[in-house]
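Using the UniProt record's numbering, you'd call the opening residue of the sequence shown number 1 and step up by one each time. Just so you know, even glycine gets a beta-carbon here, dropped at the ideal spot from N, CA and C. All values derive from a computational prediction rather than experimental measurement. Below is one structure, written out as structure tokens; comments come after it.
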Amino acid sequence: MELPGVGPVGVADASGDNDAHITAELSAIFQNLQQVLDIRHKYIRLSLQRDGDNPNDDPSWQIYPAPPEPAWTDPRPDHNTNGQNTGANSMSNSMVLPPQASKSQAADNISREPDLPQEGRKKPPKKRKAGQDIGEDFDMDDLLPLPSTSEFTFRLDENGVYQVFENTAADAANTPVVGVPTIKDFYMDLEKILLVSSDGPSKSFAFRRLQYLEGKFKLYTLLNEYQETADTKKVPHRDFYNVRKVDTHVHHSACMNQKHLLRFIKSKMKKCPDEYVLSRDGKNLTLKEVFQSINLTAYDLSIDTLDMHAHTDSFHRFDKFNLKYNPIGESRLRTIFLKTDNHIQGRYLAEITKEVISDLESSKYQMVEWRISIYGRSLDEWDKLATWVVDNKLFSHNVRWLIQIPRLYDVYRASGLMGSFEQVVRNIFQPLFEVTKEPESHPKLHIFLQRVIGFDSVDDESKIERRLFKKFPVPKEWDSQQNPPYSYWIYYLFSNMTSLNFWRRQRGFNTFLLRPHCGEAGDVEHLAVALLCSHSISHGLLLRKVPLLQYIFYLEQIGIAMSPLSNNALFLAYERNPFIQYFRRGLNVSLSTDDPLQFAFTREPLMEEYAVAAQIWKLSPVDMCELAKNSVKQSGYEYSIKQTWLGENFHLPGAEGNKILKTNIPDRREEYRYQTWVEEHRMISRYASNNELHQSTEHQSSFGMNVNPSSLENTAAGTVDSEFKDPASSLSNVEAGRSAPPSQQVDMSSSQVSGAGQGTVPGSPPPSAQRESSYPTDGLASMRLSSHEPRYIPGMMTRASRQTSLRRDSAPESDDVASPRSNLRKNGGAEEPAT
Ligand SMILES: [Zn+2]
């Protein structure tokens, strides 16, 4: 019996030469999987959503205002440690809940932190203490002058997609710089994925693999639990409380807890009752008058009257849940306190936001990615939002923003606000293209966008989507009262974002990711849509019903921000939540709060989320640290910041990229996850490529490349990078890609790189290429891809017992293909092209 090198990896592998048992059906399955992977790679590559594509993934990217200095430096690592992390930080803050901590009091608490005055001493006066004077280190003048105007032009095309052109001549010739898949391409590709995901044999294959992965993890835990505990005990200073955690999915207008909001409303009623806060029917109302009109005094207010908790009465009632955003059921209070665009220019919301930021900063290890709305109702929404953020100086090291776009076209259409869906596309994207062309045209928007990491699409997924037409009309012809389906919304976000990203990257501006809500309820088709074109998703509950898609989410390590407490209130009882299954199987899951205002009871909602999960599912400290690490990796924080939080080489897989001193995760856990993942990929690519090799010698090299799962990404990176080194060639390259049918584009890029010579790439590629995937695959090369490889494949037993023959001369070829990469690997870690 031959076991591969790593610990318990081989538990399920019996040896034996049963290649001969692999049936045609089986090879079809692998081809199906490979096909889906290829389609996704193409979309993600085109839209620049891979790790390393974003210019802010460059370690030298300037972040303004600069992140705080590290609290202690290497020479005396133990200095100050105790005071820093056990004294005034997260723990003690969470216990000291001042009876009526107003903004100033909260700030006082933080100022008492003994260690903070020491930090930032060496820096110019713009520095501020964490948790204090939020935004005071931000000064718009520091960022001037803004970049100049670009020569490129843009326009909305016939199909509702903004296209970018190198110059007016290219515009006239209609040759945009990037070939965005058309809506027809999109629906055809989606169809392919849906077909595969409903294919019986592929489904049961994926199901079995997932079962196997789960069982394997349990076995791993049984064998390694004690050792893991021992490993973490050896790490000085680090524990679950002081590893970084990002709340990867939280809506800004619900980011404070109820107690906080209540306190804030009461203090406003006491301190400024005569402020004009609302304009109704041409008459301005003071806060006092508003409360009189609803017959309430400050004394009456309690959590119960506020009535914003969604714990019992909103199960499967998303409509009811939406109403919970209204304090005391009054939409006018929501307008006054929770909107950015109101009579007081969102000042109250800005104030309470600063209080939340202050709490976050003082907890130090908790970060958020806040989702804030752009509705697409009018062209000036972006400027208003940017002005709100910039003028109120809502900048913090602990905060990044995502733009959420509610799918409300039908509402606007019904109210006569617009005639067709094209108006939504225009309102959402036109300002973004304008500011990318000429930052001076919307200066505040330009600056705000530096802190925006992507787009989200939100609404009740369980609404029915009727298919009215065999073929969907393009946006300017979409003038019916019906809301377009989820897929249609996502396509238009994706396609316009693709054009935008290309241009922004060309200009050296940060690019965006698509990170929609998906699979919370409704049709499982949404998951196929997200698989096709989004970087990561929120929720993903329905993956439990589609094993094949779930398996691909695993293979691709697509991030899933899950919120079991939110699900528990809305769609799925806690004990039925698939979170723990996903986690054991090795899907890339993180925990997030969704809406602390509605769901959380405590002052640290993210901790609450972790705590409940740990209690119910008996998560070990290592599990929790792994989840925290996932959340950082999924997040849109800049590369250099992730390095600070996770370690220099966090982008490398397995033990190599793990720094236990920062992550508190034992190497063996990382290595287990990585080797398990490699094994799955190796199996698929090996068998899928074998078939291809025999079917078509023409494509041999490119398919051979696919033996390494990274190769696609790898090659893609090579292509894109070469494009970007030389703008002229880049354009022609992309042009060529555009005119070719989608399937050829992938092949083209693969063969390009294999032609360029895998092992002998002269010079070292730009850093972006080196850090290609956060789950890179160099390790594949080090794993022996030989005929000694285990042949038994869990999940395939029944089928494999059929005696249909398949050639078995495959292994040597895989070996050959893998070898250049092993050479590369030996060339030395840092210089490796594309990981
Ligand atoms: Zn949400």
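Original post:
At a cut-off of 6 Å, is ASP594 close to ligand 1 when judged by its beta-carbon and the heavy atoms of the ligand?
Top reply: Counting from one through the sequence shown, the residue named residue 594 turns up at place 594. The answer is yes for ASP594.
Original post:
In its own chain, which residues sit with a C-beta less than 8 Å from the C-beta of LEU296, not counting the 5 before and 5 after it?
Top reply: The sequence position of residue 296 within the sequence shown is 296, counting from 1. Hits under 8 Å: THR305 and ILE328.
Original post:
By Cβ distance, which residues of its chain are closer than 7 Å to residue 845, with the 5 residues on each side in sequence left out?
Top reply: In this structure the chain extends from 1 to 835, so residue 845 is not present and cannot be described.
Original post:
In this structure, does DSSP put LEU549 in helix, strand or coil?
Top reply: As a first step, residue 549 must be located in the sequence shown, where it is residue number 549. Helix at LEU549.
Original post:
Are there 16 or more other CB atoms within 10 angstroms of the CB of THR232, so buried, or fewer, so exposed?
Top reply: Numbered from its first residue, the sequence shown carries residue 232 at position 232. By the 10 Å Cβ count, THR232 comes out buried.
**OP:** My understanding is that VAL368 touches VAL243, with C-beta atoms under 8 Å, so please give their C-beta distance in whole angstroms.
**Re:** Indexing the sequence shown from 1 puts residue 368 at position 368. Indexing the sequence shown from 1 puts residue 243 at position 243. Not quite, the Cβ-Cβ distance comes to about 16 Å (not below 8 Å), so this is no contact.
Original post:
Beta-carbon separation of residue 866 and SER253 under 7 Å?
Top reply: Examination of residue 866 is not possible in this model, given that the chain is present from 1 through 835 alone.
Original post:
Can you name, in chain order, every residue of its own chain whose Cβ lies under 7 Å from the Cβ of ALA600, other than the five neighbours on each side?
Top reply: One-based indexing of the sequence shown puts residue 600 at position 600. Within the same chain, ALA600 has close Cβ partners ASN257, THR593 and GLU608.
Original post:
Is PHE154 helix, strand or coil by DSSP?
Top reply: Taking the sequence shown and counting its residues from 1, one reaches residue 154 at position 154. PHE154: strand per DSSP, three-state reduction.
Subject >> Alpha carbon of TRP489 to alpha carbon of PHE472, nearest angstrom >> reply: If you number the sequence shown from 1, residue 489 lands on position 489. If you number the sequence shown from 1, residue 472 lands on position 472. Those two C-alpha atoms are separated by around 12 Å.
**OP:** Could you round the C-beta distance between TYR162 and ASN496 to whole angstroms and report it? I think they count as a contact, below 8 Å.
**Re:** For the purposes of this step, residue 162 is identified with residue 162 of the sequence shown, where counting begins at 1. For the purposes of this step, residue 496 is identified with residue 496 of the sequence shown, where counting begins at 1. With 8 Å as the limit, TYR162 and ASN496 qualify as a contact, their Cβ atoms being about 5 Å apart.
**OP:** Specify whether the segment 624 to 643 and the segment 384 to 393 touch according to this definition: at least 3 beta carbon pairs, one from each stretch, less than 8 Å apart.
**Re:** no
Original post:
Does the Cβ-Cβ distance between VAL277 and ILE344 come in under 7 Å?
Top reply: The residue labelled residue 277 in the question sits at position 277 within the sequence shown. The residue labelled residue 344 in the question sits at position 344 within the sequence shown. Yes, they are a contact pair.
Subject >> Own chain, CB closer than 7 Å to ASP157, minus 5 neighbours either side, in chain order >> reply: Numbered from its first residue, the sequence shown carries residue 157 at position 157. The residues are GLN163.
Original post:
Three-state secondary structure (DSSP) at PHE455?
Top reply: Taking the sequence shown and counting its residues from 1, the one referred to as residue 455 is at position 455. In this structure, PHE455 counts as strand in the three-state DSSP scheme.
**OP:** Kindly say whether ASP459, judged by its beta-carbon, lies nearer than 7 Å to any beta-carbon of chain C.
**Re:** Looking at the structure shown, chain C is missing, and only one protein chain is on hand.
Original post:
What is the rounded straight-line gap between the Cα of THR644 and the Cα of THR511?
Top reply: Mapped onto the sequence shown, residue 644 falls at position 644. Mapped onto the sequence shown, residue 511 falls at position 511. Cα-Cα distance, rounded: 21 Å.
**OP:** Entirely within the segment 346 to 424 and at least 4 residues each: give me those alpha helix (DSSP H) ranges in chain order.
**Re:** 347 to 363, 381 to 391 and 409 to 414
**OP:** Look up SER279 in the DSSP assignment and give the residues it is bridged to.
**Re:** The sequence position of residue 279 within the sequence shown is 279, counting from 1. The partner list for SER279 (beta bridge, DSSP) reads ASN284.
**OP:** Count the other C-beta atoms from every protein chain shown that fall within 10 angstroms of the C-beta of PRO727, then say buried if there are 16 or more, exposed otherwise.
**Re:** One-based indexing of the sequence shown puts residue 727 at position 727. Since pLDDT at PRO727 reaches only 36, below the 50 mark, its modelled position is unreliable, and the value read off the structure follows with that caveat. By the 10 Å Cβ count, PRO727 comes out exposed.
Original post:
Under 7 Å, do ILE183 and TYR491 count as touching if we go by C-beta distance?
Top reply: Taking the sequence shown and counting its residues from 1, the one referred to as residue 183 is at position 183. Taking the sequence shown and counting its residues from 1, the one referred to as residue 491 is at position 491. In this structure, TYR491 lies closer than 7 Å to ILE183 by Cβ.
Original post:
Excluding five sequence neighbours on each side, which residues of the same chain lie with their C-beta closer than 8 Å to the C-beta of ASP410?
Top reply: Within the sequence shown, the letter at position 410 stands for residue 410. So the list reads GLN481, GLN482 and ASN483, once near-sequence residues are dropped.
Original post:
Who are the Cβ neighbours of GLN62 in its own chain at under 6 Å, not counting the five residues just before and after it?
Top reply: Residue mapping note: residue 62 aligns to position 62 of the sequence shown, counting from 1. Result list for GLN62: empty, nothing under 6 Å.
Original post:
Is GLY508 near LEU542, with beta carbons less than 7 Å apart?
Top reply: Residue 508 sits at position 508 when you count from the first residue of the sequence shown. Residue 542 sits at position 542 when you count from the first residue of the sequence shown. Their beta carbons are not under 7 Å apart, which means GLY508 does not touch LEU542 by this criterion.
Subject >> With 16 other Cβ atoms within 10 Å as the buried cut-off, status of GLN227 >> reply: For the purposes of this step, residue 227 is identified with residue 227 of the sequence shown, where counting begins at 1. Looking at its Cβ environment, which holds fewer than 16 other Cβ atoms inside 10 Å, GLN227 is exposed.
Original post:
Using a Cβ-Cβ cut-off of 7 Å (strictly less than) and excluding sequence neighbours within five positions of LEU661, which residues of its own chain qualify?
Top reply: On the sequence shown, position 661 is the one that residue 661 refers to. Hits under 7 Å: VAL235 and ARG238.
Subject >> Contacts around GLY647, its chain only, beta-carbon distance under 8 Å, and the 5 residues preceding and following it disregarded >> reply: Along the sequence shown, read from residue 1 onward, the residue named residue 647 stands at position 647. So the list reads GLY657, ASN658, LYS659, LEU661, LYS662 and THR663, once near-sequence residues are dropped.
**OP:** Grab the span of the alpha helix (DSSP H) containing LYS129 for me, first residue to last.
**Re:** Working through the sequence shown from its first residue, we reach residue 129 at position 129. Here LYS129 belongs to no alpha helix (DSSP H), and DSSP marks it neither H nor E.
Original post:
So, are the CB atoms of SER631 and VAL177 less than 7 Å apart?
Top reply: Start at 1 with the first residue of the sequence shown, and residue 631 comes out as number 631. Start at 1 with the first residue of the sequence shown, and residue 177 comes out as number 177. Not a contact, by the Cβ cut-off of 7 Å.
Original post:
Per DSSP, ILE560 is paired with what?
Top reply: For the purposes of this step, residue 560 is identified with residue 560 of the sequence shown, where counting begins at 1. Looking at the DSSP assignment, ILE560 forms a beta bridge with ILE537 and VAL589.
Original post:
Does the Cβ of LYS618 have 16 or more other Cβ atoms within 10 Å, making it buried, or fewer, making it exposed?
Top reply: In the sequence shown, residue 618 corresponds to position 618, counting from 1. With fewer than 16 other Cβ atoms within 10 Å, it is exposed.
**OP:** Say whether the segment 431 to 443 touches the segment 670 to 677, bearing in mind that this needs 3 or more beta-carbon pairs closer than 8 Å, one atom from each stretch.
**Re:** no
**OP:** Measure the Cβ-Cβ separation of PRO564 and PHE579 and say whether it is below 7 Å.
**Re:** Position 564 of the sequence shown, counted from the start, is the residue given in the question as residue 564. Position 579 of the sequence shown, counted from the start, is the residue given in the question as residue 579. Result yes, Cβ atoms of PRO564 and PHE579 sit closer than 7 Å.
Original post:
On the premise that GLU422 lies in contact with residue 837, defined as a C-beta separation below 8 Å, what is that separation, rounded to the nearest angstrom?
Top reply: An answer regarding residue 837 cannot be provided, because it is not within the stretch 1 to 835 covered by the chain.
Subject >> Residue burial classification, GLN34 (beta-carbon count within 10 angstroms, cutoff 16) >> reply: On the sequence shown, residue 34 is found 34 positions in, with the first residue counted as 1. It is buried - the Cβ of GLN34 has at least 16 other Cβ atoms within 10 Å.
Original post:
Run through DSSP, which three-state label would PRO727 get?
Top reply: Position 727 of the sequence shown holds residue 727. The pLDDT assigned to PRO727 is 36, lower than 50, so where the model puts this residue is not dependable; a value taken from the coordinates is nonetheless given after this. Looking at PRO727 - three-state DSSP - the assignment turns out to be helix.
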